[in-house]
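Quick notes on the structure that follows.
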Amino acid sequence: MQQTTTGDEAATQGTPNDADLPAFIEQDYARYDSEAHAVWRILYERRMMTLRDTGSDVFLKGIERIGLASDRVPEIGDVNRRLKARTGWRAVGVGGFIPAAQFFRCLAQRRFPTTLAVRPRSQLDYLPEPDIFHDVFGHVPLHAEPVFADFLQRFGELGASARNEEETQALARLFWFTVEFGLIEEGEGPKVYGSGLISSHGDAANALGPTCERRPFSLDAVVAQPFEIDHFQQVLFVIPSFDELYRAVDELGRRFAS
Ligand SMILES: [Fe+2]
299 MQQTTTGDEA ATQGTPNDAD LPAFIEQDYA RYDSEAHAVW RILYERRMMT LRDTGSDVFL
359 KGIERIGLAS DRVPEIGDVN RRLKARTGWR AVGVGGFIPA AQFFRCLAQR RFPTTLAVRP
419 RSQLDYLPEP DIFHDVFGHV PLHAEPVFAD FLQRFGELGA SARNEEETQA LARLFWFTVE
479 FGLIEEGEGP KVYGSGLISS HGDAANALGP TCERRPFSLD AVVAQPFEID HFQQVLFVIP
539 SFDELYRAVD ELGRRFAS
């Protein structure tokens, strides 16, 4: 995930200058060795074993729409060609965590900052920083879904125009309980769609298990709910549909403007 800890009024309007954006990194695909592809395959196959039952249909369809394969690290250019036709989103390579203000500006432009490195085999199950599996497998499939795509862009616009700590905190909590750790009501029960759940077996099992309290999503409840990043979540929120997410970010925008 990306922390959303600061706002920056400088980027409130219009198209940001390139100087306000992070340094983007081209993916040098030839540098992924057989070990990198093998780690991707292990992670992909292990998660898909349960995600076929516990993952949102939107995620499962998104995997196909952006052309992710089980046996090799994805090529960002190929993913972006597929995304372009659907929603205009694209993944852009970055070196690691970037300042929140830059992150918001990227989202406002339908660019998703993506780390390109594959985690080492010794850290298959837990990695404190994002890697390409978290960012591309965990996040990007949802960017093929038009309503989620609109929600995330609007979120970025709000983030880039946040004026104070209160607004920034509300945005951070909305991001955390949706983009990172969101659940959606589908079929027989809640399914996972947040990237932190999609990309982590342990977090997903916790989210759907008996020790996590799953509450109906509401904007007021989410912005009032603190979170901690370093242990399993005790409270998560279930949306009825992605339309609800768009309504929430739209409502937040109206509150910020008033
Ligand atoms: Fe993330």
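Quick note: the sequence shown uses our numbering, first residue 299, plus one each step. C-beta: ideal position from N, C-alpha, C; glycine also. Just so we're clear, the structure is a prediction, and the values are computed from it rather than from any experiment.
Could you tell me how far apart the beta carbons of residue i and residue j are, in whole angstroms, since I believe they sit closer than 8 Å?
| i | j | result |
| --- | --- | --- |
| E443 | G360 | 6 Å |
| A334 | V416 | 4 Å |
| I396 | P320 | 4 Å |
| L456 | L550 | 6 Å |
| L287 | Q523 | In this structure the chain extends from 299 to 556, so residue 287 is not present and cannot be described. |
| D376 | R339 | Not confirmed; about 17 Å, so no contact. |
| L469 | A460 | 6 Å |
| G386 | R408 | 5 Å |
| D433 | T412 | 4 Å |
| V520 | P488 | About 15 Å separates the two Cβ atoms, so there is no contact after all. |
Is it right to say residue i is buried, meaning 16 or more other beta carbons lie within 10 angstroms of its own, or is it exposed?
| i | result |
| --- | --- |
| A406 | buried |
| Y544 | buried |
| I430 | buried |
| N462 | exposed |
| D528 | exposed |
| P314 | Note on P314: pLDDT 46, under 50, position unreliable in the model; the coordinate value appears next. So P314 counts as buried. |
| K382 | exposed |
| Q421 | exposed |
| I350 | Here residue 350 is Arg; the residue named in the question, Ile, does not match the sequence. Exposed, since its Cβ has fewer than 16 Cβ neighbours within 10 Å. |
| S332 | exposed |
| G492 | buried |
| P418 | exposed |
| R345 | buried |
| D501 | buried |
| A398 | buried |
| G391 | buried |
| E362 | exposed |
| V531 | Note that residue 531 is Gln in the sequence shown here, rather than Val. It counts as buried. |
For ligand 1, is there any heavy atom lying closer than 7 Å to the beta carbon of residue i?
| i | result |
| --- | --- |
| E427 | no |
| E526 | no |
| G557 | For the chain, the structure presents residues 299 to 556; residue 557 sits outside this window and is missing. |
| E443 | no |
| E486 | no |
| S493 | yes |
| G436 | yes |
| H499 | no |
| H432 | yes |
| E373 | no |
| E464 | no |
| E483 | no |
| E455 | no |
| E478 | yes |
What residues match up with residue i in a beta bridge as DSSP calls it?
| i | result |
| --- | --- |
| P514 | V536 |
| K489 | I482 |
| F410 | A389 |
| G353 | V490 |
| I323 | G391 |
Any 3 or more C-beta pairs closer than 8 Å across the segment 530-548 and the segment 446-454
Flag = yes, the segment 530-548 and the segment 446-454 touch.
Specify whether the segment 424-438 and the segment 492-508 touch according to this definition: at least 3 beta carbon pairs, one from each stretch, less than 8 Å apart.
Using a Cβ-Cβ distance cut-off of 8 Å, the segment 424-438 and the segment 492-508 are in contact, since at least three pairs of beta carbons, one from each stretch, lie closer than that value.
Whether or not the segment 343-359 and the segment 480-490 are in contact is what I'm after, with contact meaning three or more pairs of Cβ atoms, one per stretch, closer than 8 Å; do they touch?
Taking a contact to require three or more Cβ pairs closer than 8 Å, the segment 480-490 and the segment 343-359 qualify as touching.
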